[in-house]
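Below is one structure, written out as structure tokens, with a few remarks after it.
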């Protein structure tokens, strides 16, 4: 494969401009996460600079061999795994052009000339790698750490003037730490995606005056295709913002399924090659208000059919999460001989009373929406990217 000169120059620059802080700048100097992440990034960049393709492998190995490389364009390819919240990650192939389109769109929207990130996400997921791409293409820097490192006394010096990208679970953990809150306020911006922000977490971030930018996107689109400005978020806007310049969103069918046409759309997913200007059908449904803001209301593949009634688990989770004692909640379907499926709630922490939570739901949910089964656990299981795995029996 041939590597274009401009790409080679960018890669050479990135390898010189992505240092990690000195040991004294880290809360846990003995933690080797930063060394592993830095090594991972340098190895990938080295392969790309040689014109090779890179396949990111996580807990579930991804095999490139199943796709005929001869049918793909002669450019660098990066293969990611989807978030895998259902436990079955799928392979997604991106080209250099789709990743650069995503970077250019974000740069255009926020007016940032140089992106420097504190990277707390795994690089084998698109949310982690795109921070590398943004730094490479805008002459920025990347610092690697665990999000838990941001709870230390000197963490503000790490985040000052930089961007941070988190999933809601990480953000929920950090806002409980005074030191982390100082670090978050020092950020230039905090991109939040991978799952919906709860009303409670959103309000806490507003109370703390955190520069949160809610986003919507997926592995197939190289991350975000919508973005809500931090000022709008702080003023109470609960949407995921407007579409970015490189993307167009639409709604399909009676269920308002979100369709996406984007210059950052992947080349292929699970062996299916997408044509240019392809409308990609997401598994999400949503709405757009009169001002153009987008709202993601739930996932089609999560809808529960119980006794002939349809239940949106996202709505049930939203109501349950209004209880201040509930830290996390996941509502799923469980097979049942009588009902076909029953609404099942997994709640953390495990010392809460099922009866007290159930009583709070009356008057807010219809009878068929109230969970029939409850599981109280200390912590919900997570995917490698930090998103909550959907629990099934």
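Residue numbers (this note's numbering): 20 to 412.
For every residue, glycine included, the Cβ atom is placed at its ideal position computed from N, Cα and C.
Nearest to residue 178 by C-alpha distance, out of 199, 192 and 194, is 199. Proximity to residue 359 across 327, 367, 225 and 344 peaks at 327, based on C-alpha coordinates. Judged by pairs of C-beta atoms under 8 angstroms, the region 315-327 does not touch the region 279-287, as fewer than three such pairs exist.
For residue 242, the closest of 400, 148 and 172 by C-alpha to C-alpha distance is 148.
Judged by DSSP in its simplified three-state form, residue 166 adopts helix. A direct Cα-Cα distance of roughly 27 angstroms separates residue 244 from residue 338. Between residue 275 and residue 304 a beta carbon distance of about 5 angstroms is seen, short of the 8 angstroms cut, so the two are scored as contacting. Under the criterion of beta carbons closer than 8 angstroms, residue 247 and residue 256 qualify as touching, at roughly 6 angstroms.
Its Cα nearest to that of residue 125, the residue 232 stands out among 232, 161 and 194. Scanning the region 289-353 for uninterrupted alpha helix (DSSP H) segments of 4 residues or longer gives 332-339, listed from N- to C-terminal end. Residue 295 and residue 116 have their C-alpha atoms spaced approximately 12 angstroms apart.
Counting only runs of 3 or more residues that sit fully inside the region 251-295, the beta strand (DSSP E) segments are 266-271 and 276-281, in chain order. Nearest neighbour of residue 367 by Cα position, chosen from 216, 98 and 188, turns out to be 188. Residue state for residue 391 is assigned as coil, using DSSP reduced to three classes.
DSSP, read as helix, strand or coil, puts residue 142 in coil. Distances from the CA of residue 165 to each of 157, 174, 154 and 159 were compared; the closest alpha carbon is that of 174. Just measuring C-alpha positions, the residue of 313, 142, 195 and 285 sitting nearest residue 258 is 313. The C-beta separation of residue 340 from residue 371 comes to about 12 angstroms, leaving the pair out of contact by the 8 angstroms criterion. Taking the C-beta atoms as reference points, residue 388 is found nearer than 8 angstroms to residue 362.
Comparing alpha-carbon positions, the option among 308, 60 and 236 lying closest to residue 210 turns out to be 236. Bounds of the beta strand (DSSP E) holding residue 360 are 359-367. By the criterion of a C-beta distance shorter than 7 angstroms, residue 379 is surrounded in its chain by 342, once the five residues flanking it on both sides are discounted.
Here the alpha carbon of residue 309 sits roughly 36 angstroms from the alpha carbon of residue 344. Linking residue 152 to residue 350 through their CA atoms gives a straight-line distance of about 35 angstroms. Taking 8 angstroms as the cut-off, the beta carbon of residue 265 is found closer than this to the beta carbon of residue 121.
With respect to residue 212, residue 146 sits close: the two C-beta atoms are nearer than 8 angstroms.
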